[in-house]
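Protein chains in written order, with our numbering: chain A, -17 to 479; chain B, 239 to 611; chain C, 21 to 346; chain D, 3 to 333.
Just so you know, even glycine gets a beta-carbon here, dropped at the ideal spot from N, CA and C.
Heads up, the thing below is written out as structure tokens.
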Ligand SMILES: Nc1ncnc2c1ncn2[C@@H]1O[C@H](COP(=O)(O)OP(=O)(O)OP(=O)(O)O)[C@@H](O)[C@H]1O
Ligand SMILES: Nc1ncnc2c1ncn2[C@@H]1O[C@H](COP(=O)(O)OP(=O)(O)OP(=O)(O)O)[C@@H](O)[C@H]1O
Ligand SMILES: [Mg+2]
Ligand SMILES: [Mg+2]
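Written out as structure tokens, the structure is:
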């Protein structure tokens, strides 16, 4: 058995503008789980793409089974038993679960698919991620996001792998699905496979990792057996400074009720109607497992999805059930998915910021560049956005700064109600705490804020009170107090007594 | 065998063997040439030799297959232009007069569509079929129809003998093509620069006339064809082309055009450029004559009359009645030059109408091609 | 939470069922059926007589083959505007090269299929290797190939052998031989799509190229395969067309590409790639063939032809498009 | 190897989209100079300018639609329809010219709304939607005119197609210049233009930012059809008659021009400058081929090759995206 199942020697990779990886050396031993940690933009995924031949290094080499190897395409890596699950979902929604699990590894006899063998293989793989009762013919697009992710993992498991690379597999998993993932990872490692595991949820590390490596700005800053590391140390290594994750109590909301939601049911939801009142200056958190319905609830409030019943009032006035209606009424949604829904990445930073209210920066329909830049500078000030200038394509910004832009564009319309969906997903710890600061300030300035997040600490820390969702319904409300975390988990899982 | 199939029969000689040569038919054929010859005042203009025969009428004599009136299938061009409209409607109109039913199918100018049309019409088992051929591509399907004992009359167009059509009623492409060319040659005294404006590349009607013209011009060593362009039978395209001609060949002596629409564009281009319009040819659309009225444009026009379709119907019916019919009926139609062109202009009629039209007046009115007088 | 979650944008079940029908390509058959019923009522005997059925089927053969190729390309996320011109060139060449010599028949047929494959290969390489947008590549090819056809001969030319013409008219019961070719082709393509790894890969590449690549799928060969298939089928269609017309024409196939794409789309296949059903495309072909047949059968005023065709197409596409999920 | 989205790369890309057509144009001009010197006489230049006008006006509309990620095959239908509407409603007399023009615009509006409606409300792929409406428009015209549209275009309009500014410059190119300028301002400087680009790049994000992508798209299709109507008027007044031959034609010049110029079919990418370049190049090319007296076949071959080459040179291949290019789909 080789010493290093997969490794990198002095790997360097630059993209125009960024040095994503800088002389990275890494060694993953067979049968061990190697956690790869680092802030957003630290270079984790880039490293993964290089280790799997999806991208080639500018300098340095990839080591496979102790041998230096060049990889031209993911296919070649797969051929060597290096099996990745990329950060981004790569299942094909239009194809059946069966076809997705076996994509690229179809079993065929005499040129024709061997359907019997196919089914067996798929069944086995799905069983290992606790999806044994999933009909093989289902269109994958019909599955919940979590299940899609598990199908993707099943695809990887179905391959005979000497190395399994998982890039943030847990980002969209929770509860027993996350548990299932951990189990299968341990099992696979036990079979002698080297596992590279990337995550932002540090509590996973002690549970899973044997070794870990921390990347910062494309450099390896620390590496060693997981047992040598406490969460605090990891965080310190990641950000290079100590961040206090303790949330001061928020100022009690003084203002009158701004947002009133009365027996609201989103289109396509069979859940009982939801009620909600948010005062000016109040922050309400939404907690729940993935697919519990938080995003759908927020999208409905923002008029991005239809309501099949119920109403939304802002400042006592009924809000029309359309995006423009909601915006006019002062309701702003910072959507869950920044790159797809939150921003037009090909427009410049300034253009994104002003897109929500072009009238401000235009006169007689003509956009005034001066005013536009002014608007940009204003927000750069307010949110501490790091960008080379108003003209920089948003695509080039780091995750955190993109998120700040996605928030800034809504501050332009000075909304009365601000809806934040997963505002810190894929945002590094440094940027996170800044976003927390911003949220608090906005609340203090009299905004009513609703924030959905999968990070329990975050919701509890920021919000005055937390609504818990399960299967599309509000199943309880929890106020700030020491043991709120447990109560929320119980409600979310449906194990509340 | 390495033999080429039917290479012998395709020459048409086999047809000649059992040819009951009808003299008056031959005469009629030559007449169609001489009339043009006179109209254009040509000195030497001999018909390309052609053996016209009489079809044994008895062979096709038949009672109506359904009911007591004949059902004639009509594989038409379709109303893709005013020629097509009149061709279609003239036949239908005549059919109404004679009280025969018409099974109509339009190819909209496309040979491939017409193949389908003919097969479908054949399947309706008509007594006879009139086909306005959209291209040699249909001959296979025509043969199929004939093989099912449906007498097929080709109308305003030719197909190779292999199509087995019983009779062909048309005006000759060669006739028009070479007549225009001869006229130009004599205007230029057999010496000068000529441009050829053909219609649509790849479309038989255009290509055959062009070929005939080139053959004729070839007889005159001093006539140079400086360029050959396509007008798509569109005055707009023709005008642009002509503007280019003016620029690149300022000293052009004559323009051979196969269509009045083409000629129309050319005339406009020259007039706008303030230059004298060189002698030009084309078919006699009303628009062109009106446009050139009172100008000194020299032209020679003839027609490929759409209303000949009614003759096609007559021929088909004669076959069914067992009356003598010629295998090639060459329709004659007026030809004229600028000398007496003006008289044919019809201000009460549509610009696209081919004048003079022998189509019934009330039909033209029905089709809103002419105002009721 | 382990159970399967509600469908995306979980619409009203009835609609969902409908979109399911469209997905599986059944929807267009509803119209086809309706049209057939209408025709049966209006012209029962006229429509059902074996000759007319044969006419419909024979008319469908060429379009069918081309649409089949188009279907494969579209599944792969591409589009092939050059099919019409490829049919033109191959049919013209068939006639010109055979030119009535029986011994040439077979070699020429083979040659045409190969030629089709070659043109497909060119399309495919420009798309998958040079990575140019399919629309433009094939638009260019459309001009190029029809240009070549015109240079081969500007007038109808050549002559096929009796063997070919006879074949084009031979029938098995009411079913014309050319249609049997189509049936065979459909079967073959179905096998390729549904039963081979290549088929799976094609869906994957059409649905999401980089996801397919990440799963270890070789994108280029898959795309090349798609365009070659389209080319081969166009070549076959060309031969059939030549056999049917007995003579080659330099404009024979013009416009076919648009009909083919229309057939594919009203069959419920997504022009975005990755989703589509053969059944639907075949239905689309059937519908177009029926429209032409119906217009003549019902003796509609010829000036209405395009109006009717336009209305039906619009109705069909407007109803049978599965909207991409948000 | 890298995604063409980071700073310098995108600058290069933008440059290349302008350089490629420029290079092509220069090439054709040189070829012309060698093979057909008369290309540079005022007369021929004027012809080219006219062509630029007639192709360009439609190409502008096409560009708007392409920017939204659509395509408009029905433009040539709108053009043909216009000439017929003009002729029929005016009966060739200047008296009712205004009515004729208004009616044509109304008809154009209808076509645009049909296209936009199919694409936006029903999610029909633009290619098919606009093809279907092309067939429909042609069908309506043919049914309405009994198959043989014909008639005179009022002389009062002839300046539009035949007139010259300062005795030399053809009016159509002037009209085009003005419209292009307008399009330039709208796209680059106005809020409307900003919305078009935002929609073209990312309709979902645009929508969630309060932009109404539906309206934008419909607007672009309407604009396209209306520009088609204008092009139709120019065309009709150029010859002065209804040209039946054009009614059934499907004219792809406008698409070719935009694409050769470097407007992407994928939406969002492309500027008026690209369209201008592409139009000029196409106009020069077409005129040059006529001047050459090239056969119909050769002409098609050249056009085809040019289209492919032009796009090839733009160096903006539809790359197989890197995994980073997409985020995880979480809704
Ligand atoms: N294709 C690309 N083009 C340009 N820059 C890129 C590209 N891919 C990554 N980068 C940049 O390289 C750096 C590292 O990105 P990478 O995705 O590897 O970070 P990461 O550690 O995976 O972040 P996250 O935790 O959010 O996944 C970032 O600054 C990113 O912007
Ligand atoms: N855009 C959408 N259209 C239709 N259904 C959706 C959409 N997004 C999610 N769903 C479904 O609605 C339910 C709620 O999804 P939603 O995304 O709101 O959950 P969530 O609590 O926000 O989870 P997360 O935001 O972490 O993904 C799930 O069953 C999901 O499959
Ligand atoms: Mg990453
Ligand atoms: Mg969510």
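For the pair the stretch 342 to 355 of chain B and the stretch 383 to 396 of chain B, tell me if three or more CB-CB distances fall below 8 Å. They do not touch, by the three-pair rule.
Interface positions of the stretch 193 to 219 of chain C facing chain A (Cβ-Cβ less than 7 Å), listed along the chain: Residues 215, 216 and 217.
Give the residues of chain C in contact with residue 174/D, contact being defined as C-beta atoms less than 9 Å apart. Walking along the fourth chain from the start, residue 174/D turns up at place 172. In chain C, no part has a C-beta under 9 Å from the C-beta of residue 174/D; the shortest such distance is about 25 Å.
For residue 298/B, is the classification buried or exposed, using 16 other Cβ atoms within 10 angstroms of its Cβ as the cut-off for buried? For the purposes of this step, residue 298/B is taken as the residue at position 60 of the second chain. So residue 298/B ends up on the buried side.
Name the chain D residues that come within less than 8 Å of residue 309/A, Cβ to Cβ? Walking along the first chain from the start, residue 309/A turns up at place 327. Near residue 309/A (Cβ distances below 8 Å), the residues of chain D are 212.
Have a look at 581/B, 310/B, 560/B and 288/B and flag the residue whose alpha-carbon is nearest the alpha-carbon of residue 392/B. One-based indexing of the second chain puts residue 392/B at position 154. Distance check between residue 392/B and each of 581/B, 310/B, 560/B and 288/B places 310/B closest, using alpha-carbon atoms only.
Among -9/A, 357/A and 258/A, whose alpha-carbon lies nearest the alpha-carbon of residue 33/A? Taking the first chain and counting its residues from 1, the one referred to as residue 33/A is at position 51. The candidate whose alpha carbon is nearest that of residue 33/A is -9/A.
Interface positions of the stretch 339 to 360 of chain B facing chain C (Cβ-Cβ less than 8 Å), listed along the chain: Against chain C - using a Cβ distance shorter than 8 Å - the residues of the stretch 339 to 360 of chain B are 341, 342, 343, 344, 346, 348, 349, 350, 351, 353, 354, 355, 357, 358, 359 and 360.
What residue range does the alpha helix (DSSP H) around residue 291/B cover? As a working mapping, residue 291/B is identified with position 53 in the second chain. Note, residue 291/B: premise wrong, no alpha helix (DSSP H); beta strand (DSSP E) at 291 to 293.
For the beta strand (DSSP E) containing residue 204/A, name the first residue and the last one. Here residue 204/A is taken as the residue at index 222 of the first chain, counted from 1. First-last of the beta strand (DSSP E) with residue 204/A: 201 to 207.
Would you list the one or two residues that DSSP bridges to residue 684/B? An answer regarding residue 684/B cannot be provided, because it is not within the stretch 239 to 611 covered by chain B.
Quick check on the DSSP output: what are the complete beta strand (DSSP E) runs of length 3 or more inside the stretch 281 to 322 of chain B, in order along the chain? Correct list: 291 to 293 and 309 to 314.
Apply the 10 Å Cβ neighbour rule to residue 95/D and answer buried if 16 or more other Cβ atoms are within range, or exposed otherwise. Numbered from 1 along the fourth chain, position 93 holds the residue referred to as residue 95/D. If you draw a 10 Å sphere on the C-beta of residue 95/D, you find fewer than 16 other C-beta atoms in it, and that means exposed.
Please list, in chain order, all residues of the same chain as residue 56/A whose beta carbon is under 6 Å from its beta carbon, the five residues on each side excluded. For the purposes of this step, residue 56/A is taken as residue 74 along the first chain, with counting starting at 1. Within the same chain, residue 56/A has close Cβ partners 34, 35 and 36.
Short of 6 Å in beta carbon distance, which residues of its chain neighbour residue 69/A, apart from the five on each side in sequence? Order them along the chain. As a working mapping, residue 69/A is identified with position 87 in the first chain. Counting only Cβ-Cβ distances below 6 Å, and skipping sequence neighbours, we find 27, 149 and 150.
Taking residue 57/A as part of the alpha helix (DSSP H), name the residues at either end of that continuous run. One-based indexing of the first chain puts residue 57/A at position 75. Taken as a continuous stretch (DSSP letters only), the alpha helix (DSSP H) holding residue 57/A covers 56 to 61.
Look up residue -16/A in the DSSP assignment and say whether it is helix, strand or coil. What you label residue -16/A is simply residue 2 of the first chain in a count that begins at 1. Looking at residue -16/A - three-state DSSP - the assignment turns out to be coil, as it is neither helix nor strand.
With a threshold of 7 Å on Cβ separation, who are the neighbours of residue 269/C within its own chain once the five nearest residues in sequence on each side are excluded? Working through the third chain from its first residue, we reach residue 269/C at position 249. Within its own chain, the residues whose Cβ lies closer than 7 Å to the Cβ of residue 269/C, once the five positions on either side in sequence are excluded, are 112 and 176, listed in chain order.
Delimiting residues of the alpha helix (DSSP H) encompassing residue 259/C: For the purposes of this step, residue 259/C is identified with residue 239 of the third chain, where counting begins at 1. For residue 259/C, the enclosing alpha helix (DSSP H) begins and ends at 239 to 265.
Of all Cβ atoms in chain B, is any one closer than 9 Å to the Cβ of residue 330/C? On the third chain, position 310 is the one that residue 330/C refers to. No, no contact with chain B.
Residue range of the alpha helix (DSSP H) that residue 163/C falls in? Against the third chain, residue 163/C aligns to sequence position 143. Under the DSSP assignment, residue 163/C falls in the alpha helix (DSSP H) whose first and last residues are 154 to 172.
Give the C-beta separation of residue 103/D and residue 139/D to the nearest angstrom, bearing in mind that I take them to be a contact with Cβ-Cβ under 8 Å. In the fourth chain, residue 103/D corresponds to position 101, counting from 1. In the fourth chain, residue 139/D corresponds to position 137, counting from 1. Not quite, the Cβ-Cβ distance comes to about 18 Å (not below 8 Å), so this is no contact.
From the DSSP output, read off the bridge partner residues of residue 227/D. Here residue 227/D corresponds to residue number 225 of the fourth chain, with the count starting at 1. In the DSSP output, where bridge partners are listed per residue, residue 227/D has none listed.
Compare the C-alpha of residue 619/B against each of 341/B, 300/B and 292/B and name the closest. Past the edges of chain B, shown from 239 to 611, lies residue 619/B, and the structure says nothing about it.
What separation, rounded to the nearest whole angstrom, lies between the Cα atoms of residue 520/B and residue 398/B? Within the second chain, the letter at position 282 stands for residue 520/B. Within the second chain, the letter at position 160 stands for residue 398/B. Between residue 520/B and residue 398/B, the alpha-carbon positions lie close to 26 Å from each other.
Measuring CB to CB, does residue 256/A end up less than 9 Å from residue 455/A? Locating residue 256/A in the first chain gives position 274, counting from the first residue. Locating residue 455/A in the first chain gives position 473, counting from the first residue. Between residue 256/A and residue 455/A, the C-beta spacing is below 9 Å.
Alpha carbon to alpha carbon, what distance is there between residue 265/D and residue 69/D? Walking along the fourth chain from the start, residue 69/D turns up at place 67. Walking along the fourth chain from the start, residue 265/D turns up at place 263. Looking at the two C-alpha atoms, the distance is approximately 8 Å.
By alpha-carbon positions, which one of 304/B, 263/B, 323/B and 293/B ends up nearest to residue 321/C? Mapped onto the third chain, residue 321/C falls at position 301. The residue from 304/B, 263/B, 323/B and 293/B with its alpha-carbon nearest to that of residue 321/C is 323/B.
Check the Cβ-Cβ distances between residue 118/C and every residue of chain D, and say whether any is below 9 Å. As a working note, residue 118/C is residue 98 in the third chain. By the rule that beta-carbons nearer than 9 Å mark a contact, residue 118/C does not touch chain D.
By the three-class DSSP mapping on this structure, what secondary structure does residue 239/A have? Translated into the one-based positions of the first chain, residue 239/A becomes position 257. In the three-state scheme derived from DSSP, where H, G and I count as helix and E and B as strand, residue 239/A is classed as strand.
Which runs of the alpha helix (DSSP H) fall wholly inside the stretch 232 to 292 of chain A and span at least 4 residues, in chain order? 276 to 283, all fully within the stretch 232 to 292 of chain A.
Any heavy atom of ligand 5 inside 8 Å of the beta-carbon of residue 269/B? Ligands displayed in this structure: ligand 1, ligand 2, ligand 3 and ligand 4; ligand 5 is not among them.
What residues in the stretch 280 to 302 of chain D bring their beta carbon closer than 8 Å to a beta carbon of chain C? If the cut-off is 8 Å between Cβ atoms, the stretch 280 to 302 of chain D has 297, 298, 299, 300, 301 and 302 near chain C.
Residues that residue 442/B contacts on chain C, provided the C-beta gap is smaller than 8 Å: For this step, residue 442/B is matched to residue 204 along the second chain. Result: 175 and 176.
Is residue 98/C close to chain A? Criterion is C-beta to C-beta, closer than 9 Å. The sequence position of residue 98/C within the third chain is 78, counting from 1. No, its Cβ sits nowhere closer than 9 Å to a Cβ of chain A.
What do you get for residue 346/A, buried or exposed, if any count of 16 or more other CB atoms within 10 angstroms of its CB means buried? The count along the first chain starts at 1 and reaches residue 346/A at position 364. The residue is exposed, with fewer than 16 neighbouring Cβ atoms inside 10 Å.
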